[in-house]
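Written below as structure tokens is the structure these notes are about.
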Amino acid sequence: SVSSQYDVMNDVMSGGVHRLWKDILVSMLGVPGMGKRDLQVLDVAGGTGDVAFRIRDQLQRVQFDSGVSAAEVGSGSPLEARIVVCDINKAMLEEGRKRAAKRGGDGAPTLRMDWVAGDASQLPFDDCMFDVYTIAFGIRNVTRIDEALREAHRVLRPGGRFLCLEFSQVTNPLMRALYERYSFEVIPRMGGLIANDRASYQYLVESIRRFPDQETFSQMIRDAGLSCVQYTNLTNGIVAIHSAVKL
-7 SVSSQYDVMN DVMSGGVHRL WKDILVSMLG VPGMGKRDLQ VLDVAGGTGD
43 VAFRIRDQLQ RVQFDSGVSA AEVGSGSPLE ARIVVCDINK AMLEEGRKRA
93 AKRGGDGAPT LRMDWVAGDA SQLPFDDCMF DVYTIAFGIR NVTRIDEALR
143 EAHRVLRPGG RFLCLEFSQV TNPLMRALYE RYSFEVIPRM GGLIANDRAS
193 YQYLVESIRR FPDQETFSQM IRDAGLSCVQ YTNLTNGIVA IHSAVKL
């Protein structure tokens, strides 16, 4: 029931700041890393395509921007890339497909987008298949986070990048108190008024409170086998971006 109002609620709840957070997430991929031929990107829990479309836009800039030479794109040939959006919620995927159609299909001829139903804890993909794994505001909803992280490691190729944007623990005590009050008193009411689904947004704020803090989650990523684990707090830790590499 959340799917049809998902993006509207994101804007309302965050005052539009979620757009900046996602832009920062995608910018951390970097043009050099995005410039290899046959790039395979997996966006998990990305049903409406909010992150995937940003990645596609960045890839198109790499391909078509006159400031990037063919040699930088790779082997003197046009960039070929596939972005796979994977989500367990088929209604979310359908919203993403509709957005793709409004934006002009599934991308430029060499930039393909696929929409796949799947569980983050049991991804329907082969080992070592992707160069990039992204997940934004999705991993806290997974029943077994450790299994989802091991799956991320499994499907990444050696040298592949892991990037996770997720709500986290606010670092400033005063802001933490204000944020807690806003979360539990305001967000569920918004969900009831805008999406006609107070219960789902009550679950949202409770899931944020239960999610591990930055250091604990970083250790979980290491335990899954990923290396070079780092995190960056945004907006005083309301969210954090965790990054890692599969060696």
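Throughout the sequence shown, residue numbering follows the numbering used here, covering -7 to 239 in sequence.
Ideal Cβ placement from N, Cα and C applies to all residues, glycine included.
How far does the beta strand (DSSP E) with residue i in it reach, from first residue to last?
i: ALA73; result: 73 to 79
i: GLN32; result: 31 to 36
i: ILE127; result: 122 to 128
i: LEU113; result: The identity of residue 113 in the sequence shown is Ser, whereas the question assumes Leu. Where SER113 is concerned, there is no enclosing beta strand (DSSP E), given that its DSSP letter is neither H nor E.
Rank the options by C-alpha distance to the C-alpha of residue i and give the top, closest one.
i: MET212; options: THR224, PRO150, ALA236; result: ALA236
i: LEU31; options: LEU148, GLY7, ARG74; result: ARG74
i: SER219; options: VAL43, MET20, GLY151; result: GLY151
i: ARG95; options: PHE45, MET121, ASP79, TYR125; result: PHE45
i: LEU157; options: ASN133, ASP49, MET105; result: ASN133
i: VAL178; options: VAL197, CYS78, THR135; result: VAL197
i: GLN206; options: ASN228, TYR193, ASP189; result: ASN228
i: THR208; options: ASP138, TYR125, ARG89, LEU85; result: ASP138
i: PRO180; options: VAL54, LEU170, ASP15, TYR195; result: TYR195
i: MET167; options: LEU226, VAL147, LEU155; result: LEU226
i: ALA112; options: VAL147, GLU86, PHE159; result: VAL147
i: VAL80; options: ASP119, ILE131, CYS120; result: Reading off the sequence shown, one finds Ile at residue 80, where the question assumed Val. The candidate whose alpha carbon is nearest that of ILE80 is ILE131.
i: VAL43; options: THR126, ASN188, ARG202, ALA187; result: THR126
So residue i is in the alpha helix (DSSP H); what residue range does that whole segment cover?
i: PHE176; result: 165 to 177
i: ALA140; result: 137 to 147
i: LEU196; result: 190 to 202
i: SER235; result: No alpha helix (DSSP H) contains SER235, which is instead part of the beta strand (DSSP E) from 231 to 237.
i: THR208; result: 206 to 215
i: SER19; result: 9 to 19
i: LEU85; result: 82 to 94
My assumption, with CB atoms under 8 Å, is that residue i sits in contact with residue j. Please give the rounded CB distance.
i: TYR223; j: ILE233; result: 7 Å
i: GLN52; j: LEU103; result: 6 Å
i: LEU17; j: ALA128; result: 6 Å
i: ARG142; j: GLY217; result: 7 Å
i: ARG149; j: PHE122; result: 6 Å
i: GLY22; j: ARG91; result: Not a contact, Cβ separation roughly 25 Å.
i: ARG153; j: VAL124; result: 5 Å
Tell me the rounded alpha-carbon separation between residue i and residue j.
i: SER175; j: GLY110; result: 29 Å
i: SER67; j: ALA191; result: Note that SER67 scores a pLDDT of 44, beneath 50, so its modelled location is shaky; the value from the coordinates is reported in the next line. In a straight line, the C-alpha of SER67 is about 52 Å away from that of ALA191.
i: PRO24; j: LEU185; result: Any reading at PRO24 needs caution, since the residue's pLDDT is 47, under 50, leaving its predicted position unreliable; the model's value is listed next. About 44 Å.
i: ARG11; j: ASP3; result: 8 Å
i: MET5; j: GLU72; result: 36 Å
i: ASP106; j: PRO165; result: 43 Å
i: VAL65; j: MET182; result: Low local confidence applies: a pLDDT of 44 at VAL65 is under 50, so the model's placement there is unreliable, and no value is given.
i: LEU170; j: VAL162; result: 10 Å
i: ALA140; j: LYS14; result: 21 Å
i: MET20; j: VAL77; result: 19 Å
i: HIS145; j: LYS238; result: 7 Å
i: ARG89; j: ILE200; result: 28 Å
i: PRO204; j: ARG214; result: 14 Å
i: VAL221; j: LEU115; result: 22 Å
i: MET84; j: VAL54; result: 28 Å
i: ASP(-1); j: THR135; result: 23 Å
i: GLU172; j: SER160; result: 12 Å
i: VAL9; j: CYS120; result: 34 Å
i: ALA93; j: GLU86; result: 11 Å
Is any heavy atom of the ligand COA found at a distance shorter than 7 Å from the C-beta of residue i?
i: SER192; result: Summarising the ligand content, the structure contains no ligands, and the ligand COA is consequently not present.
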